[in-house]
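Colleague:
Protein chains: 2
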Amino acid sequence: MILTVTLNTALDLTYGVPELVPHASHRVGDMAERPGGKGLNVARVLSALGQATVVTGFAGGSTGAVLRELLAQLAPRDTTGTDTRAAAVTPATTTPLSTPAPAPITDALVTVAGNTRRTIAVVDRATGDTTQLNEPGPLVTADEWAALLDRYEELLTGADAVALCGSLPPGIHVGAYAELIRPARAAGIPVLLDTSGEPLRRGIAARPDLIKPNAEELAQLTGSREPLRATHDARRRGAHGVIASLGPDGMLAVTPDGVWRASPPARVLGNPTGAGDSAVAGLLSGLVEGLSWPDRLRRAVALSTATVLSPTAGDFDRAAYEELLPGVDVEEHTAAV
Amino acid sequence: MILTVTLNTALDLTYGVPELVPHASHRVGDMAERPGGKGLNVARVLSALGQATVVTGFAGGSTGAVLRELLAQLAPRDTTGTDTRAAAVTPATTTPLSTPAPAPITDALVTVAGNTRRTIAVVDRATGDTTQLNEPGPLVTADEWAALLDRYEELLTGADAVALCGSLPPGIHVGAYAELIRPARAAGIPVLLDTSGEPLRRGIAARPDLIKPNAEELAQLTGSREPLRATHDARRRGAHGVIASLGPDGMLAVTPDGVWRASPPARVLGNPTGAGDSAVAGLLSGLVEGLSWPDRLRRAVALSTATVLSPTAGDFDRAAYEELLPGVDVEEHTAAV
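If you read the sequences in order, they're chains A and B. Going by the numbering used here, the first sequence opens with residue 42, and the numbers climb by one from there. Going by the numbering used here, the second sequence opens with residue 42, and the numbers climb by one from there.
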């Protein structure tokens, strides 16, 4: 199984409004509520890919209870429906493909006294533009952190790979990810770190197998906006492999085994929310299935592009994924940097 | 006791942000969560005035459960602290005054299957400007409405006055308030209706004792933006008494006993959220205490002004209230219209 860790889980609310106007009153036209935080999003995609997942991290209070109820209800989604945007990619070639049965997601969250945060995405329905409001997370105590460390070490014994995802809630020290990386590395379990800012900087020093920064996170870490230079710099800081996600330009992978650039077959329009989490799911599922680097990157790029195309933020469009997959271009870089 | 009815209760969230910027991501700096919906706000103010209150209406789902927990926890607030804005009104005369003990608020809400809505007030902390996002209410079934009617008729037997407050949730027919006004009128219990749009128009036809529209609601109802003309028109439509709240200009009361205009002693700056609910509490508490119309209006104007002055949206500043009360100017109109 793959273990995902989400220290700052969230109840994600999406509010559709005609247009968000500051200082006006809005009736929310449509709304959705789902368990969130990057590691939970990664688990949802892994489940859809047929990979059994265990999620840990913190949840508490009334919003934590709702989050866990929704997590327990996560059921296979019908992805055979037609989505007009996905269909526009390759309108004539849609054929039924075998779909793996969704794999279970096991709730191994640690209960905390504080209230799990909410995040609110206010989507202008006319344009798709999104305004984000993120509550602060609950204050996590030293005892709660110790309980998480115990739970994590138990779960590591059954894990084929680990993803450490997202921001840190108040009370958790900035070096927390380094503390989680070390026992995974000691046990020989591949560990991917997907965070930003100081937690990323401090986590890298503990030498994770992979990091997956976007261009902004990479620039913040290294001071460079030149992707190849910044990616090599991030490796020198301790990450064994760096997969830089470059939005519509695809991904740049600098790894001990080589350097690749992977690009989607076409530029697509849609909502990029969750595209990075889908990429993490693609990379880790490919890793545990023993795929080559080019095939892992192909999967990651196709999944994140199919996430942009999905009408529901954070879900991926399976038909689009299966159509995009063979068209992802992966090019090996041979020049030394 | 005073009975307040809130068919569309809400869990009110307030998010403080430096400035709301459409299509950007915001960390919420401070947040508050409290039971809301107009009738619950009225009950909170009545409690602070020492008036025992029973609240009914609908609550359901996880947000309904949180709302009821918070309602049960409603405790006396310490209002002896210094508020800079309130102090600015009469800085030199603050003296300790006797404060009535808060009276109980009894939860007689009817449980529904749907989820109670949330409302989110996003406050720009630099300017105090507020952007409002209101979820749709739960769909209320015919059986749930029948249960509310039964509960309401039971509660009427012990009520000295009734306030019917706010919007209608989906599933409730637009003539619902008329159905609630008739049995109160038949039992000789004074009933105040505080709503807007079609529910107000339809409710008025059942001849409530009082309505308390603001200028906008009054214009919507009557088509006139001239307050005295519109207020008289609203009476002709069926309301026995009309108290028009004119924001910083105070209130205009057109009643079977006379016509009065009540004005606060000074214009104040602050957040008008909840000022109308405080006015309702002032009018009803004055009514059950047997105060004269001028004294009821004095109380309503002082309470709503003290609500604008409160640092917490929807609370009133007690020291400011007690200072403002003797300064409210009430002038009787003798001219026929």
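C-beta atoms are modelled at their ideal positions from N, C-alpha and C, and glycine is treated no differently.
Relative to the C-alpha of residue 85 of chain B, which candidate in B:260, B:45, B:286 has its C-alpha closest?
Modeller: In the second sequence, residue 85 of chain B corresponds to position 44, counting from 1. Residue 85 of chain B has its Cα closest to that of B:45, out of B:260, B:45, B:286.
Colleague: Measuring only the C-alpha atoms, how far is residue 260 of chain B from residue 271 of chain B?
Modeller: Along the second sequence, read from residue 1 onward, the residue named residue 260 of chain B stands at position 219. Along the second sequence, read from residue 1 onward, the residue named residue 271 of chain B stands at position 230. Rounded to whole angstroms, residue 260 of chain B to residue 271 of chain B spans 7 Å at the Cα level.
Colleague: Less than 7 Å between C-beta atoms, sequence neighbours within five positions excluded: which residues of the same chain meet that for residue 127 of chain B?
Modeller: The residue labelled residue 127 of chain B in the question sits at position 86 within the second sequence. Because residue 127 of chain B carries a pLDDT of 36, less than 50, the predicted location of this residue cannot be relied on, and the following value inherits that uncertainty. Only 350, 358, 360, 361 meet the Cβ criterion.
Colleague: Counting only Cβ-Cβ distances shorter than 9 Å, please list the residues of the segment 48-66 of chain B near chain A, keeping chain order.
Modeller: 54, 56, 58, 60, 61, 62, 63, 64, 65, 66
Colleague: Is the distance from the Cβ of residue 279 of chain A to the Cβ of residue 302 of chain A below 9 Å?
Modeller: Within the first sequence, numbered from 1, the residue matching residue 279 of chain A stands at position 238. Within the first sequence, numbered from 1, the residue matching residue 302 of chain A stands at position 261. Not closer than 9 Å, so no.
Colleague: Of all the residues that make up the segment 174-185 of chain B, which are near chain A by a beta-carbon distance shorter than 9 Å?
Modeller: Taking 9 Å as the upper bound on Cβ-Cβ separation, chain A lies near residues 174, 175, 176, 177 of the segment 174-185 of chain B.
Colleague: Just grab the DSSP bridge partners of residue 75 of chain B for me.
Modeller: The residue you call residue 75 of chain B lines up with position 34 of the second sequence. B:53, per the DSSP bridge assignment.
Colleague: Specify the secondary structure class of residue 369 of chain B as computed by DSSP and reduced to three states.
Modeller: The residue labelled residue 369 of chain B in the question sits at position 328 within the second sequence. Residue state, collapsed to three classes: coil.
Colleague: Note down, one range per segment and in chain order, each alpha helix (DSSP H) of at least 4 residues found wholly within the segment 207-261 of chain B.
Modeller: 217-227, 238-245
Colleague: Please classify residue 274 of chain B: does DSSP put it in a helix, a strand, or coil?
Modeller: For the purposes of this step, residue 274 of chain B is taken as residue 233 along the second sequence, with counting starting at 1. DSSP places residue 274 of chain B in helix when its eight states are reduced to three.
Colleague: Applying the criterion that 16 or more other CB atoms from any shown protein chain within 10 Å of the CB defines a buried residue, is residue 184 of chain A buried or exposed?
Modeller: Within the first sequence, numbered from 1, the residue matching residue 184 of chain A stands at position 143. Exposed, since its Cβ has fewer than 16 Cβ neighbours within 10 Å.
Colleague: Run the CB neighbour count on residue 98 of chain B, radius 10 Å, all protein chains shown included, and call it buried at 16 or more, exposed below.
Modeller: Numbered from 1 along the second sequence, position 57 holds the residue referred to as residue 98 of chain B. Residue 98 of chain B should be labelled buried.
Colleague: If you follow the beta strand (DSSP E) that residue 16 of chain B is part of, which residue opens it and which one closes it?
Modeller: Lying before the first or after the last residue shown, residue 16 of chain B is absent from chain B, which here runs from 42 to 378.
Colleague: With residue 192 of chain B and residue 175 of chain B assumed to form a contact (beta carbons below 8 Å), what rounded beta-carbon distance in angstroms separates them?
Modeller: Taking the second sequence and counting its residues from 1, one reaches residue 192 of chain B at position 151. Taking the second sequence and counting its residues from 1, one reaches residue 175 of chain B at position 134. With a Cβ gap of about 25 Å, residue 192 of chain B and residue 175 of chain B do not count as contacting.
Colleague: Which residues, in order along the segment 197-218 of chain B, keep a beta-carbon less than 9 Å from a beta-carbon of chain A?
Modeller: none
Colleague: How is the beta strand (DSSP E) around residue 303 of chain A delimited, first residue to last?
Modeller: Position 262 of the first sequence, counted from the first residue, corresponds to residue 303 of chain A. Unbroken beta strand (DSSP E) run through residue 303 of chain A: 299-304.
Colleague: Establish whether the CB of residue 354 of chain A and some CB of chain B are separated by less than 9 Å.
Modeller: The residue given as residue 354 of chain A occupies position 313 in the first sequence. It does not; no Cβ of chain B falls within 9 Å.
Colleague: Contact between the segment 302-315 of chain A and the segment 236-256 of chain A: three or more CB pairs below 8 Å?
Modeller: no
Colleague: What three-state label does DSSP hand residue 180 of chain B in the structure shown?
Modeller: Reading the second sequence from its first residue, position 139 is the one you call residue 180 of chain B. In the structure shown, residue 180 of chain B sits in coil (DSSP, three-state: anything other than H, G, I, E or B).
Colleague: Could you tell me the distance, in whole angstroms, from the CA atom of residue 118 of chain A to the CA atom of residue 355 of chain A?
Modeller: By one-based count along the first sequence, residue 118 of chain A stands at place 77. By one-based count along the first sequence, residue 355 of chain A stands at place 314. Note on residue 118 of chain A: pLDDT 39, under 50, position unreliable in the model; the coordinate value appears next. Using only the alpha carbons, I get a separation of about 13 Å.
Colleague: Please check the pair residue 93 of chain B and residue 42 of chain B, which I expect to be a contact at CB under 8 Å, by giving their CB distance rounded to whole angstroms.
Modeller: Residue 93 of chain B sits at position 52 when you count from the first residue of the second sequence. Residue 42 of chain B sits at position 1 when you count from the first residue of the second sequence. With a Cβ gap of about 4 Å, residue 93 of chain B and residue 42 of chain B count as contacting.
Colleague: Determine the direct distance from the alpha carbon of residue 178 of chain A to that of residue 291 of chain A, and round the result to whole angstroms.
Modeller: Mapped onto the first sequence, residue 291 of chain A falls at position 250. Mapped onto the first sequence, residue 178 of chain A falls at position 137. Each residue's alpha carbon lies about 31 Å from the other.
Colleague: How would you write the range of the alpha helix (DSSP H) that residue 325 of chain B sits in, first residue to last?
Modeller: As a working note, residue 325 of chain B is residue 284 in the second sequence. Taken as a continuous stretch (DSSP letters only), the alpha helix (DSSP H) holding residue 325 of chain B covers 316-329.
Colleague: How big is the Cα-Cα spacing for residue 55 of chain A and residue 163 of chain A?
Modeller: Taking the first residue of the first sequence as 1, we reach residue 55 of chain A at position 14. Taking the first residue of the first sequence as 1, we reach residue 163 of chain A at position 122. Approximately 6 Å between the Cα atoms of the pair.
Colleague: Rank A:204, A:318, A:181, A:154 by C-alpha distance to the C-alpha of residue 348 of chain A and give the top, closest one.
Modeller: Counted from its first residue, the first sequence places residue 348 of chain A at position 307. For the residues A:204, A:318, A:181, A:154, the minimum Cα distance to residue 348 of chain A belongs to A:318.
Colleague: Go ahead and pull the three-state DSSP assignment for residue 312 of chain A.
Modeller: Counting from one through the first sequence, the residue named residue 312 of chain A turns up at place 271. Looking at residue 312 of chain A - three-state DSSP - the assignment turns out to be coil, as it is neither helix nor strand.
Colleague: Please tell me whether residue 52 of chain B and residue 96 of chain B are closer than 9 Å, where the distance is taken between their beta carbons.
Modeller: Taking the first residue of the second sequence as position 1, residue 52 of chain B is located at position 11. Taking the first residue of the second sequence as position 1, residue 96 of chain B is located at position 55. No. Outside cutoff.
Colleague: Give me whichever residues DSSP pairs with residue 281 of chain B in a beta bridge.
Modeller: Within the second sequence, numbered from 1, the residue matching residue 281 of chain B stands at position 240. None; residue 281 of chain B has no bridge partner.
Colleague: Assign residue 188 of chain A to one of three DSSP states: helix, strand, or coil.
Modeller: By 1-based counting over the first sequence, the position of residue 188 of chain A is 147. Helix.
Colleague: Looking at residue 197 of chain B and residue 218 of chain B, is the spacing between their C-beta atoms short of 9 Å?
Modeller: Working through the second sequence from its first residue, we reach residue 218 of chain B at position 177. Working through the second sequence from its first residue, we reach residue 197 of chain B at position 156. Result no, Cβ atoms of residue 218 of chain B and residue 197 of chain B do not sit closer than 9 Å.
Colleague: Output yes or no for whether 9 Å exceeds the beta carbon distance between residue 154 of chain A and residue 88 of chain A.
Modeller: Reading the first sequence from its first residue, position 113 is the one you call residue 154 of chain A. Reading the first sequence from its first residue, position 47 is the one you call residue 88 of chain A. Not in contact: residue 154 of chain A and residue 88 of chain A (Cβ atoms no closer than 9 Å).
Colleague: With a cut-off of 9 Å, does the C-beta of residue 152 of chain B fall near any C-beta of chain A?
Modeller: Mapped onto the second sequence, residue 152 of chain B falls at position 111. So, not an interface residue.
Colleague: Starting from residue 170 of chain B, find everything on chain A with Cβ-Cβ shorter than 8 Å and list it in chain order.
Modeller: As a first step, residue 170 of chain B is located in the second sequence; it is residue number 129 there, counting from the start. Simply 63, 64.
Colleague: Counting only beta-carbon separations shorter than 9 Å, does residue 349 of chain B have a partner in chain A?
Modeller: Within the second sequence, numbered from 1, the residue matching residue 349 of chain B stands at position 308. So no, residue 349 of chain B is outside the interface.
Colleague: For residue 158 of chain B, report the span of its beta strand (DSSP E) as first-last.
Modeller: Numbered from its first residue, the second sequence carries residue 158 of chain B at position 117. Element bounds for residue 158 of chain B: 158-165.
Colleague: Between which two residues does the alpha helix (DSSP H) harbouring residue 349 of chain B extend?
Modeller: Here residue 349 of chain B refers to the residue found at position 308 of the second sequence. Counting along the chain, the alpha helix (DSSP H) containing residue 349 of chain B begins and ends at 334-350.
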